[in-house]
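For the protein sequence lines, the chains are A and C, in the order given.
Residue numbering for the first sequence follows full-length UniProt numbering, beginning at 1 and increasing consecutively.
Residue numbering for the second sequence follows full-length UniProt numbering, beginning at 1 and increasing consecutively.
Working notes, structure below.
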Amino acid sequence: MIQYIIRRILYAFPILLGVNILTFVLFFIVNSPDDMARLQLGQKHVTQQAIDNWKHQHGYDLPLLWDSHAPGGEKLTQTIFFQKSASLFVFRFGTSDSGRNIGADIQERALPSLALALPTLAVGLLLNVCLALLIVLFRNSYLEQAGLVLCVLLMSVSSLFYIIGGQFFAGKLLRLVPISGYDDGWAAVKFLILPIIIGVFSGIGSGVRWYRTLFLEEVGKDYVRTARAKGLSETATLFRHVLPNAMIPILTGVVVVLPSLFLGSLVMESFFSIPGLGSYTIDAINNQDFATVRAMVFLGSLLYVLGLLLTDISYTLVDPRVRLS
Amino acid sequence: MKISSCAVLLTAALVLAACQPSQLNNPYSDADDQQNILYQSFSERPKHLDPAMSYASNEYTFIAQIYEPPLQYHYLKRPYQLTPLTAKSLPQIDYINAQGQPLPPTAAEQDIAFTDYVITLQDGVRYQPHPALAKKADGTYLYHQLSPDEIAPLKTLADLPQTGTRALLAEDYVYQIKRLAHPKNQSPIAEIMKNYIVGFADFAQQVADKPKTAIKDIAMAGVQATSPTQYRIRIKGKYPQFSYWLAMLFFAPMPWEADVFYGQAGLKDKNITLDWFPIGTGAYYLAENNPNRRMVLQKNPNFHPETYPTEGEPDDKAKGLLNDAGKPLPFIDKAVFMLEKETIPYWSKFQQGYFDLSGIASDNFDQAVQFTGGGEAALTPAMQAKGMQLQTSVETSTYYMGFNMLDATIGGSSENARKLRQAIAIAVDYEEMISIFRNGRGVPAQGAVPPGIFGFAEGEQGINPNVYEWRDGKPRRKPLAVAQQLMTEAGYAHGVDPKTGRALILYFDTMAAGVDDRPLLNWYRKQFAKLGIDLVLRVTDYNRFQEKVRTGNAQIFVWGWNADYPDPENFLFLFYSANAKVKFGGENASNYQNDNFDRLFEKMRNMDNSEERYQLIQQLEVQVRHDAPWLFGLHPKSFGLYHSWFKNLKPNLMANNQLKYTRIDAQERAQKRAQWNRPIFWPLGVLAAGLVLLALPAARAYRRKLRGN
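Next up, the structure:
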């Protein structure tokens, strides 16, 4: 398995390099270094000399990908791409174009994102699995039909509606929780209750239907019939046999998103004023801050690759038949 | 679930409802409830807090409370008036000829080679407590040589426990002007100041390759500290508007210690920089800097004695604005700015009393404001019941529709093109636009100079006679028939282009690409269609739009200008040919060029305010109204809502340091918050009962299933 992991890590390098080149090309098709300078310097009294100075100070006065006038290896290294991207591979994110240290910003913002996303995922998973099992328990009855209709209804509503409605109902009408905000340590709990409930609630419709499909696939299998023939109750069959055997697809969905939980949720964090990473990339794109964009895209792809690797490893843990080679 | 469990749930809900603990939705600490703290919000994180770099209003909200330039605007008096801040008095202005000899104040402009601004500082002004100024017992600086091990555990500036202070010196102002010149600081005004301050450009060249801290010991020819409390700035020629620059934060003092302290390797990696942790002499200092969540300003314990103004406009006393006259500033101990990106939660929190003031977004406008029969804005009954205060003020800004004067169809000085532009100016009904798209928040512009700025003419004298006529004591837009007649005279009868025999096609360049912008863009098309013109929308992104304007490829566009300082020169220079966008990269985006205008402008720009200057401004306005390089759009009107506990409320569009004048009644706020935010629990009980009812059929079905097995 160690060999497999090493191989996968090595595979990640060309993927990350490719993502970096793609981000770089896309970014600079839309924005030139002059455009970036203009946006950073503001709209008034911006002269070409000020733009040239900004580019020089921020290292954007180099050729983009290839410097044909430079000697030897400097043709590649004396470029914006190399100067801005090489350090990412040793996790040095550098400073944003407005002068802030990106690594420090990411560290500071990742925790609030995680504080919201992790409980939402955990509670949501538990609730969705339980409800899906209940629906499977009452399959072929009017309760299953009612449950499915309810799920479709819940799925049909926009997540934005849940957020605005939740804030209105719990925060404004009943005045039970703050409408938005965040605080350090345990004081954050009162701010997180509402977004977590909304996050869980808005995911019930799709989550329950997805897990129900997985469980239904399992309940028709021979081992389940055997379990029932041995006299196990339906509940025991579902929880002791069906659930563990349906774990592989559940893990596929869950483990792959675990690393990216750090990246946060744009809408949720924005509406609840949670100082997470959710809006960091969007803000950077709007500000034409290439340094931050490339750092966040790099981090996003890295976490995605990591998520896939973790998923593969987790297979071996839940199903001994799976061998990584 | 058993009936007993339901009963327990219901009882619990009822008990909770009976307890009625107050303010569960309070986003702040309960301990702060009755404290003298102002709560505000911000929607966009500031980019820079260094006064050499910052040039955005959302950044000035913070740093204008921290940094103190030598001058400021009088809080109450109008028209806007400069008063000393850290200076003892307004600068002494000396004119000098090319031979270096002094000239009398009445000297002719052409004889003045240089102007000296001599500024004398007040005694007793000291910096906020700051680690950069902390000293050891032997007098050396405590934190100027931090080792990597000392820097490693730092997360924020507050992790350095010792602070120090020192007196403000004239040298600190000189040092800041040198900072403006240093290319590494990238000051947005560096290029402008090269044209004015003697020695600025040479200094910039001299220090280009040197570290930021090197400037301390290098002199700039035109800027000198003549004593610890006096400095002199020498500028080229005569430029009376320079006094206004001295009220801007670019000219605030900076102790050299700040650059030495923040320049230490490793601090930047922690985001501990001068750009994020200011050091000033103002009424407040930045106690917490988390642009992701909140910014906290705390009263500066070293703030110099300053009192609330004792004079204002005639009706200020009646409005209670002089109740605090002569009292020491500031009134508020702490100001908390919370990041709120979305308007819905922000508006709800304001209504709950958790923000002390608020702007009014379009979505909430009808909830807050209604118009009386006379067209006056007033609060809705719901807002009145809460005791809210509404403040409106016309901003010192002008929004306009620009015509590219280099364009072959719409531009140029030919009579036909001029009439075409004037016809469009009549047809595009900005009164309607203000009513539909801005909820009445704007005043149709009659010229370039907005109200509140010297040279703005009220009444009939100030209208644009090419677009309006004076009827019933009001400016009325000329009928469409006049515009149609102008179109005919321009050679486009009924909007038909004689070259093609079809409707004249004009191009509107805009970066308004969102779905929300479509109604406005369609409205523009309809306005042009009144004249038979087919307006083609060329929607593009910000970068391409800027490029089109810069290269002269835009035909018609909408733009605006906010005053840097309250002087007509700051608006009329937008028509000066030496500022043409395409030719010189200046701010004359229409590329307007008129010799008569240039001549009058050159005469007017450096004059002191006088009747002669006023008349020149009127002549300049007449010229641009006639040539119509702009369709004068509107001067925006800002609406602000303030809770009843917010005192000393007077909009001042030039001053950014208003926080020190603001007072709040914290007790009243605490009472109202408690009254408005009592939690309601009984719906939770109902919800729980509903869930139980929903679960009952499932429980019954499960029991049946078990029995069946």
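Heads up, the beta-carbon is just placed ideally off N, CA and C, and yes, glycines get one too.
Endpoints, the alpha helix (DSSP H) within which tryptophan 561/C is located: Segment 556-562 is the beta strand (DSSP E) holding tryptophan 561/C; no alpha helix (DSSP H) there.
Interface residues of the segment 40-56 of chain A facing chain B [CB-CB below 9 Å]: In summary, chain B is missing from the structure at hand, where the protein chains are A and C.
Beta-carbon proximity of residue 736/C to alanine 132/C, cut-off 9 Å: Because chain C in this structure spans residues 1 to 709, residue 736/C falls outside the shown range and cannot be described.
In chain order, each alpha helix (DSSP H) run of at least 4 residues that lies wholly inside the segment 368-399 of chain C: 381-385
Beta carbon proximity, proline 195/A to chain C, threshold 9 Å: no
Residues near valine 257/A by beta carbon distance below 8 Å, same chain, minus five either side: Leu121, Gly307
Identity of the residue in Phe456/C, Ile272/C, Tyr95/C nearest glutamine 619/C by Cα: Phe456/C
Cα-Cα separation, glycine 300/A to asparagine 195/C: 47 Å
Separation of glycine 124/C from proline 228/C, as counted between CA atoms: 12 Å
Classification of valine 46/A by the beta-carbon crowding that lies within 10 angstroms, buried from 16 upward: buried
C-beta neighbour in chain A for isoleucine 3/C, strict 9 Å: Confidence is the limiting factor: at isoleucine 3/C the pLDDT is only 47, short of 50, which leaves the residue's position unreliable and the question unanswerable from this model.
Cβ-based neighbour list, isoleucine 617/C, same chain, cut-off 8 Å, excluding 5 preceding and 5 following: Val449, Phe454, Gly455, Pro568, Leu572, Met604
Rounded C-alpha distance that separates phenylalanine 277/C from threonine 226/C: 30 Å
Contact the segment 660-679 of chain C vs the segment 458-469 of chain C: 3+ CB pairs below 8 Å: no
For tryptophan 630/C, three-class secondary structure by DSSP: strand
Opening and closing residue of the alpha helix (DSSP H) in which alanine 674/C lies: 666-676
Nearest candidate by alpha-carbon position, reference glutamine 186/C, set Leu153/A, Ala50/A, Phe239/A, Val254/A: Ala50/A
Against chain A: residues of the segment 252-285 of chain C by CB proximity under 8 Å: Lys268, Asp269, Lys270, Asn271, Thr273, Asp275, Trp276
Same chain, Cβ closer than 7 Å to leucine 14/C, neighbours up to 5 away in sequence not counted: Residue confidence is low: leucine 14/C scores 48 on pLDDT, short of 50, so the model does not pin down where it sits. Its coordinate-derived value is still stated next. These residues qualify, in order along the chain: Gly685.
Spatial distance of asparagine 25/C from isoleucine 193/A (CA atoms): 12 Å
Neighbour list for isoleucine 192/C in chain A, Cβ cutoff strictly below 8 Å: His45
Minimum C-alpha distance to aspartate 67/A - residue among Gln57/A, Gln83/A, Asp52/A, Asn53/A: Gln83/A
Contact residues within the segment 129-142 of chain A, judged by C-beta distance below 8 Å to chain C: Leu134, Leu137, Phe138, Ser141
contact_flag[the segment 137-148 of chain C, the segment 244-263 of chain C] where n(CB pairs < 8 Å) is 3 or more: yes
CA-to-CA distance, alanine 181/C to alanine 201/C, given in whole angstroms: 7 Å
Methionine 1/C versus isoleucine 313/A - alpha carbon distance: Any reading at methionine 1/C must be qualified, since the residue scores a pLDDT of 44, below 50, and its modelled position is unreliable; the value itself is stated next. Approximately 41 Å, taken between the alpha carbons.
Alanine 423/C (DSSP reduced to helix, strand or coil): helix
Spatial neighbours of arginine 323/A in its chain, beta-carbon cut-off 6 Å, leaving aside the 5 residues before and after: none
Heavy atom of the ligand FMN within 8 Å of aspartate 407/C beta-carbon: Of ligands this structure carries none, so the ligand FMN is not represented either.
Where alanine 208/C falls, given that 16 or more other Cβ within 10 Å makes a residue buried: exposed
Beta-carbon proximity of isoleucine 424/C to isoleucine 533/C, cut-off 9 Å: yes
Contact with chain A by glycine 690/C, beta-carbon distance below 9 Å: no
Short Cβ contact (9 Å threshold) for glutamate 432/C with tryptophan 523/C: yes
Pick from Lys216/C, Glu313/C, Tyr28/C that is closest to lysine 77/C, judged by C-alpha positions: Glu313/C
Cβ contact (3+ pairs, closer than 8 Å) linking the segment 51-58 of chain A and the segment 260-268 of chain A: no
For proline 84/C, three-class secondary structure by DSSP: strand
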